[in-house]
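Okay, structure first, notes after.
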Amino acid sequence: MTAPVFDLTAAREFVRGLRARPQPGTAAPVDWADAPWPVKVYRAAPELRFADRSEHSDRGWVLRLLTEVVGVSRLVTAAGRTMARRPVASGGALYPTEVYAVLGGAAHHFDAARHELVALGPAPADDGVRLVLTHRFWKNLYKYGDFAYRLGAVDVGVVLGRLRTVATAWSGAVEVSFDFDDAAVHTLLGVDGEDEAAYAVVRVVPPVDRRAVPAVPACAPQVRERSAVVNRSAGVLAMQRAALAVAPAIPPPAALVGERIALPPVAPVQYRAEAAHRRRSSGPSFSGAAVAEETLAAVLAGCADPHLRVLCAVHRVTGRPPGWYGYDADRHALVPLRAEPEPARVLQSALYRPSMDVAAAGFTVHLAGGLEFTGARAWRIQQMRVGTAVDGATLTAAARGASAHPFLGFDASAVDGHYGLPAGTGTLAQVCVGVAAGAPVLTGRVW
Ligand SMILES: Cc1cc2nc3c(=O)[nH]c(=O)nc-3n(C[C@H](O)[C@H](O)[C@H](O)COP(=O)(O)O)c2cc1C
5 MTAPVFDLTA
15 AREFVRGLRA
25 RPQPGTAAPV
35 DWADAPWPVK
45 VYRAAPELRF
55 ADRSEHSDRG
65 WVLRLLTEVV
75 GVSRLVTAAG
85 RTMARRPVAS
95 GGALYPTEVY
105 AVLGGAAHHF
115 DAARHELVAL
125 GPAPADDGVR
135 LVLTHRFWKN
145 LYKYGDFAYR
155 LGAVDVGVVL
165 GRLRTVATAW
175 SGAVEVSFDF
185 DDAAVHTLLG
195 VDGEDEAAYA
205 VVRVVPPVDR
215 RAVPAVPACA
225 PQVRERSAVV
235 NRSAGVLAMQ
245 RAALAVAPAI
255 PPPAALVGER
265 IALPPVAPVQ
275 YRAEAAHRRR
285 SSGPSFSGAA
295 VAEETLAAVL
305 AGCADPHLRV
315 LCAVHRVTGR
325 PPGWYGYDAD
335 RHALVPLRAE
345 PEPARVLQSA
355 LYRPSMDVAA
365 AGFTVHLAGG
375 LEFTGARAWR
385 IQQMRVGTAV
395 DGATLTAAAR
405 GASAHPFLGF
415 DASAVDGHYG
425 LPAGTGTLAQ
435 VCVGVAAGAP
445 VLTGRVW
């Protein structure tokens, strides 16, 4: 497909549209019968597949890590359709993020369905492991059209956040890069950068001393694509090409002004696999019961990021009147922005698809950021940071026995006005948190 590289003005217009209209927008009706698989699959011979999860080798440790974060954990059949579900949340449960592991002199793809590493080809030997997170565009583009570009960047951030949390909890050292040599990384993985592109490279040092012996195929295995027709979007392609250029970071929002109300101190949340696996955003919605202020305090602390502004609308939190608040992470304090008896009414009408009763949640977190566009790559990094904060909120809620539901499908400008955000700052994602109306289980036949 011939597509221009967006200049700054065109790219700015494109992302403005993605925030203003966060909803499916495909030119043609969605062809559900020709949908892609939610997992990327290679035709690889058994000798190129590694399922060994030994605790003592770097390859086994990485395989356990990837299975814990993005491995398919449930198959659910409802209304005749089977869906693969994973430990992390994902817009529309489409899981557009792929993860590759470069270790022991070979590049591998993580097969999320089979929980295996598939050797793709040789890689420079290194004293650690590099994980590459990509966005495979068609996996969510077929349903969401151009909105998939924003959803996908946030989704990659969710996976990145979870990888960092679990790897650190398992005593691994982690270092994240958003700026790298795109062409070199794409060549290493055998992806073209236009249907699938690398967004983040994570250097991991596993706490093990045995290095895997590489198996390097003579030629890279072929990808199996389920869709007979794979379309591209001219806008997404032009953004992706623009994102190859490094851009200055989007400036963080200005500090909040006003009174500070100290929140109860909270210890950092320890990663617990059982809590993370129990987490569901779908399933029964919220019960309408009040949430403890400690839960609010822990969730706000769990998603703090100096590049973003963390805000919250309180509906039912013990000891805290309803209204719109900011969070000051340095002082672990709430900043009252506006009292309002029913902020949930505003949030309910701001939802594009009113799939749940917002008022029944205890509170809603909003992640806001600078809207001053400095470049496509900087915007993509900001969206990934939002995703990481979303996962922080979700995991912290789960650790405290609460339920959390992330949303990108809401009218952001309507919400900005209620927080009284200054021009140039806007909400980018929301997470409703509350007491689940029942056990957070999947409905349908669970395999
Ligand atoms: C980036 C992102 C955006 C999402 N946006 C919405 C949304 O607009 N509306 C909604 O009902 N759910 C939304 N979700 C929740 C997903 O639909 C949900 O995570 C997915 O169906 C998988 O279910 P699970 O979280 O229970 O595993 C979003 C999730 C993520 C990670």
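Residue numbers (the working numbering): 5 to 451.
Yeah, the Cβ is synthetic: ideal placement off N, Cα and C, and Gly gets one too.
No experiment lies behind these values; they were computed from the predicted model shown.
Counted within 10 angstroms of its Cβ, other Cβ atoms place residue i as buried (16 or more) or exposed
i	result
A365	buried
A15	buried
L69	buried
T71	buried
S359	exposed
E120	buried
P8	exposed
Residue i CB to nearest heavy atom of ligand 1 below 7 Å
i	result
G29	no
G405	no
A97	yes
S289	no
A418	no
P126	no
H311	no
L121	no
A93	yes
P358	no
L371	no
R140	no
P410	yes
R89	yes
L155	yes
D150	no
G430	no
Collapsed DSSP secondary structure at residue i in the structure displayed
i	result
A123	strand
T400	helix
V133	strand
P268	coil
H139	strand
L164	helix
D150	coil
D38	helix
E298	helix
V450	Annotation note: pLDDT 47 at V450 (below 50); position unreliable, coordinate value reported separately. Here V450 sits in strand by DSSP.
W174	coil
A441	coil
R47	strand
Q27	coil
D115	strand
D183	coil
A343	strand
Residue i Cβ short of 7 Å to ligand 3 heavy atom set
i	result
S285	The model on display carries ligand 1 but not ligand 3.
Close beta carbons around residue i, own chain, < 7 Å, minus the five adjacent residues each side
i	result
G192	Looking at the sequence provided, one finds Leu at residue 192 rather than Gly. Once the five neighbours on either side are set aside, the close Cβ partners of L192 are V106, A111 and A127.
Cβ neighbours of residue i in the same chain (closer than 6 Å, five flanking residues each side left out)
i	result
A224	L124, G125 and G194
A401	V303, A408 and V437
R3	For residue 3 there is no data in the structure shown, the boundaries of the chain being 5 and 451.
A418	A354
D309	R389 and A393
Other residues of its chain near residue i: CB distance less than 8 Å, five sequence neighbours each side excluded
i	result
P252	T378, G379 and A382
R134	A105, V106, L107, V205, V206, R207 and V208
E376	I254, P255 and G428
R89	V76, S77, R78, L79, V80, A97 and L446
E51	A219
H422	A317, W328, R342, E344, P347 and V350
8 Å Cβ cutoff, residue i in contact with chain D
i	result
P26	The structure shown contains no chain D; it is built from a single protein chain.
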